[in-house]
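Comments concern the structure below.
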Amino acid sequence: TIIGTGANPNVAAVVVIGIEPEWTKVIVDGIAKTGKPVTGFSIEQKGDFETIRQASWQAKEYVHWATDLQKEDCPISDLWVSTKCGESDTTTGLSSCPTVGNMYDKLLPHGLYGCFGETSEITGAEHICEKRAATPEAAEKFKKIWQSYQDNVIEAYKTSNLSDSQPTKGNILGGLTTIEEKALGNLEKIGKTSTYIDAIGPAETPDKGPGLYYMDT
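Anchor point for the sequence shown: position 106 equals 107 in our numbering, and the numbering is continuous, going up by one each time.
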């Protein structure tokens, strides 16, 4: 997850601060594969104050370097666009999520990398999400992710009460009444024709090429 965060294309450069030098290097090497500048500092090697001094200086240098970067045109296949619901209400499934889904339907055929998820908010529409998989393998991976959530949260505590988390109090004030209603709106953001080609873990790098991915978030 840390490597995935550092590899995010919205991050220009990375300063990694770790305790042990070996694990710090693992993170640095993972992020370096993207080609972006990254420097690691180990507290065990340098101590607290020296680590802060050197890491602060390096971060300032990266800021100066990033300031000179200019926007460049790029093909759609270079874009990674993820979607997430926020403050869902009665309009979510009627307008905002379908609008996002329309974007996916139009851009995915041109090589876009897309991502959707929110496992807890799929509950009640998981059977529909499963059918939107492009392959049986992708469907099976999604089922395992969703079942893991059920086992670790719902079954483990022998309850279907999500303690006001799904739907949230804000969702209810906005007019939503059940998690199933919220889930159906949630799925509108993957469009009418798009199918996901893989189901991956949090911050996991997509490795099956351009297309739509389900991420366990």
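We put the CB at the ideal spot given by N, CA and C, even for glycine.
1. Taking only heavy atoms of the ligand HEM into account, decide whether any of them is closer than 6 Å to the Cβ of residue 202.
2. Among the residues of its own chain, which have a CB less than 8 Å from the CB of residue 21, if the five just before and after it don't count?
3. Taking the alpha-carbon positions, what's the residue 134 to residue 73 distance?
4. Counting pairs of beta carbons, one from the stretch 142-155 and one from the stretch 80-90, are three or more of them closer than 8 Å?
5. Measure the C-alpha to C-alpha separation of residue 54 and residue 77 and round it to an integer number of angstroms.
6. Once DSSP output is grouped into helix, strand and coil, what is the label at residue 109?
7. Where are the alpha helix (DSSP H) runs, 4 residues long or more, that stay fully inside the stretch 35-88, in chain order?
8. Looking at chain B, is there any beta carbon in it that lies within less than 7 Å of the beta carbon of residue 213?
9. CA-CA distance, residue 131 and residue 181?
10. Our contact map puts residue 183 next to residue 177 with C-beta atoms below 8 Å; I'd like the distance itself, whole angstroms only.
11. Is there contact here, the stretch 17-37 with the stretch 95-104, by at least three beta-carbon pairs under 8 Å?
12. Put residue 200 into one of helix, strand or coil per three-state DSSP.
13. Apart from the five residues just before and just after residue 150, which ones in its own chain have a Cβ nearer than 6 Å to its Cβ?
14. According to the neighbour-count rule (16 or more other Cβ atoms, all chains shown, within 10 Å of its Cβ), is residue 168 buried or exposed?
With the given structure in hand:
1. Among the components modelled here there is no ligand, and therefore nothing to report on the ligand HEM.
2. 43 and 45, listed in sequence order.
3. Residue 134 and residue 73: Cα-Cα distance of roughly 34 Å.
4. No: the two stretches stay apart, fewer than three of their Cβ pairs being nearer than 8 Å.
5. Straight-line measurement puts the Cα of residue 77 at about 40 Å from the Cα of residue 54.
6. Three-state DSSP puts residue 109 in a helix.
7. For the stretch 35-88, the full-length alpha helix (DSSP H) segments reaching 4 residues or more read 44-47 and 49-68 along the chain.
8. Chain labels in this structure do not include chain B; a single protein chain is all it has.
9. Taking the straight line joining both Cα atoms gives about 15 Å.
10. The Cβ separation is near 5 Å, so the contact holds.
11. No, the stretch 17-37 does not touch the stretch 95-104.
12. In the structure shown, residue 200 falls within a strand segment according to DSSP collapsed to helix, strand and coil.
13. Contacts found: 120.
14. Buried, since its Cβ has 16 or more Cβ neighbours within 10 Å.
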